[in-house]
Amino acid sequence: MTSKEIKELIKLVSESELSEFKLKNGDFNITIRTTDYNKNVTASSIPMLTQQHMPMVQEVAAAPAVAANGDQGSGNNSDAGENANLLEVKSPIVGTFYRSSSPDKDPYISIGDNIDVGSVVCIVEAMKLFNEIESEVKGKVVKVMVDDASPIEYDQVLFLVDPKG
């Protein structure tokens, strides 16, 4: 891609309602983010989003929802101090959450699974587009926060991950 084509692409993205645009072509990768990147995704921009989205990740402090997960997620580990280091994997878009690619397939990930950066963790359907959500963290899944086939909102927590896994 030439610098002229890249400049034109930047101009088109900035004039559109997109908050982020990613393009992969062989070894060439480009990501363009506008000033609206951290704001809520508007309903009119959802159909134009690319197929691959990276979830937002934040560290969370120990809270009742996290503390309760110590009993469910890890059989041997009940130390509340370890829960303070869990990471939240959040939805980058509004849509419908699916744990697997089809009803007859196994979920991408389950409680106790170890995930790597770039692993597909779920699918979010938005306006008939199925967007694979990839992990930005490495660790052990300790809790799935959303039921399969449930509507989700932008920035909603999908999974809790222990980076020490």
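Going by the numbering used here, the first residue of the sequence shown is number 418, and it counts up by one from there. Here a beta-carbon is modelled for each residue, glycine too, at the ideal position from N, C-alpha and C. Here the structure is a predicted model, which means the values were calculated and not measured.
If you drop the 5 nearest sequence neighbours on each side, which residues of the same chain put their C-beta closer than 7 angstroms to that of residue i?
i      : result
TYR515 : CYS539, ILE540, GLU542, ASP565 and ALA566
SER431 : THR451
Does the beta-carbon of residue i have 16 or more other beta-carbons within 10 angstroms, so that it is buried, or is it exposed?
i      : result
LYS507 : buried
ASP579 : buried
GLY556 : buried
ASN446 : exposed
ASN548 : buried
VAL599 : Missing from the structure shown is residue 599; the chain here goes from 418 to 582 and no further.
ILE423 : exposed
TYR525 : buried
In this structure, does DSSP put residue i in helix, strand or coil?
i      : result
VAL430 : helix
GLU551 : strand
LYS522 : coil
GLU505 : strand
GLU542 : strand
SER567 : strand
Excluding five sequence neighbours on each side, which residues of the same chain lie with their C-beta closer than 8 angstroms to the C-beta of residue i?
i      : result
ASP530 : LYS557 and VAL558
ASP523 : SER517
Between residue i and the ligand FAD, is there a pair consisting of the residue's CB and a ligand heavy atom that are separated by less than 7 angstroms?
i      : result
PHE576 : The ligand FAD is not part of this structure, which contains no ligands at all.
Please go through the same chain and pick out, in chain order, the residues whose beta-carbon is closer than 6 angstroms to the beta-carbon of residue i, but skip the five residues on each side of it.
i      : result
GLY512 : VAL541, GLU542 and ALA543
GLY582 : ASN531, GLY556 and LYS557
Can you give me the start and stop residues for the beta strand (DSSP E) that residue i sits inside?
i      : result
ARG450 : 445-450
ASP579 : 574-579
TYR515 : 512-515
VAL561 : 556-561
LEU435 : Careful: LEU435 lies outside any beta strand (DSSP E) and carries neither H nor E.
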